[in-house]
Amino acid sequence: GAVVSQHPSWVICKSGTSVKIECRSLDFQATTMFWYRQFPKQSLMLMATSNEGSKATYEQGVEKDKFLINHASLTLSTLTVTSAHPEDSSFYICSARDRLPTKQYFGPGTRLTVT
Amino acid sequence: AQSVTQLDSQVPVFEEAPVELRCNYSSSVSVYLFWYVQYPNQGLQLLLKYLSGSTLVKGINGFEAEFNKSQTSFHLRKPSVHISDTAEYFCAVTETHNNNDMRFGAGTRLTVKP
C-alpha cells in the first residue's frame, strides 16, 4: 500500500527555536496534504490543508505565521513550528492524498517536545 | 458540518471475546466513513472504509463494520479479539462533496486482557 513518511519521528527543542517536520509520500503523488496535531489521549485536530504549489488553508484558530506549511512538490510537504513554546509540544501527523479523493494515507507522526 | 461521536472512550475485553466499538455520525449530506487504528506513538492505519455499495464492509485484521443510514451509525466489530488488538481506534467521516474535511471522533481505547 501507499506509504507516507515523516522526519524526524521525535524532536526535542528549546523554547524560542524553530523546528521543521518533513512529510513525504514515497510511492505516489500527493496532490493534497494535511497536517494534524494530537494532544495526549485526544483525537486528531486538522491544522491545515495544502495543495501542491498553493498556499495552505489553515483551520480556524491555527496561527499561519507560527505554523508555516510548504507543499513544494507532489511528494513533499513541510511544517515549520516557529518560535516554539512548551504549549506547542504535541504529536504532529501528516496525511497525504493522491488524485483519488478517497485514498488518504497517514504518516507515522512526529513527537515534538519543547523545553 | 459533519461530526462523529464515539460513544465509548474505553472498552476492556478479554482475549478471544467479541467486541463492538460504536460510532455515530451527523451530516446533512452523503458521507464516506472510515475506521483507523493507532498504536502507541504511531500514526493512523486504515482498518476499513465505507464509500458506497454494500453496507457491510470488511477490513484488515478481521474487523468489519456496518453502515446504517437510518441510525447514522458505523459500528466496528470483531468476533474474536487478540492481545495485539489493544490500541486506540478512531472513527472518521468526510462529506462526499468535500473530501478535504475529515472529522475524527474522540477515539476508543480498546484494551484486550488475557
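Those protein sequences? They're chains A and B, same order as listed.
Here my numbering is used: position 48 in the first sequence is 1290, and no number is missing along the way.
Here my numbering is used: position 2 in the second sequence is 1271, and no number is missing along the way.
For every residue, glycine included, the Cβ atom is placed at its ideal position computed from N, Cα and C.
- Judged by DSSP secondary structure, B:Q1275 falls within the beta strand (DSSP E) whose first and last residues are 1272 to 1275.
- Per DSSP, the beta-bridge partners of A:M1275 are A:S1292, A:A1338.
- Counted as a single uninterrupted DSSP element, the beta strand (DSSP E) harbouring A:T1322 occupies residues 1318 to 1323.
- Taking CB atoms only, B:A1356 has no neighbour in chain A less than 8 Å away.
- Taking each of B:F1303, B:Q1275, B:L1290, B:Y1294 in turn and checking the Cα distance to A:Y1347, the smallest one comes out for B:F1303.
- Within 7 Å of the CB of A:F1348, the CB atoms of chain B belong to G1312, L1313, in sequence order along the chain.
- Around the CB of A:S1296, fewer than 16 other CB atoms lie within 10 Å, so the residue is classed as exposed.
- For the region 1277 to 1290 of chain A, the beta-carbon criterion of a distance under 9 Å to any beta-carbon of chain B is satisfied by Y1278, Q1280, K1283, Q1284, S1285, L1286, M1287, L1288.
- Where A:H1249 is concerned, the enclosing beta strand (DSSP E) starts and stops at 1246 to 1249.
- The C-beta of A:L1268 has fewer than 16 other C-beta atoms within 10 Å across all chains shown, which makes the residue exposed.
- Taking all protein chains in view, the Cβ of A:Y1334 is crowded by 16 or more other Cβ atoms within 10 Å, so the residue is classified as buried.
- B:G1322 has a beta carbon lying at 8 Å or more from every beta carbon in chain A.
- Your pair B:S1349 and B:E1285 checks out as a contact, with CB atoms roughly 5 Å apart and the cut at 8 Å.
- Looking from the CA of A:K1306, the closest CA among A:L1354, A:T1291, A:V1356 belongs to A:T1291.
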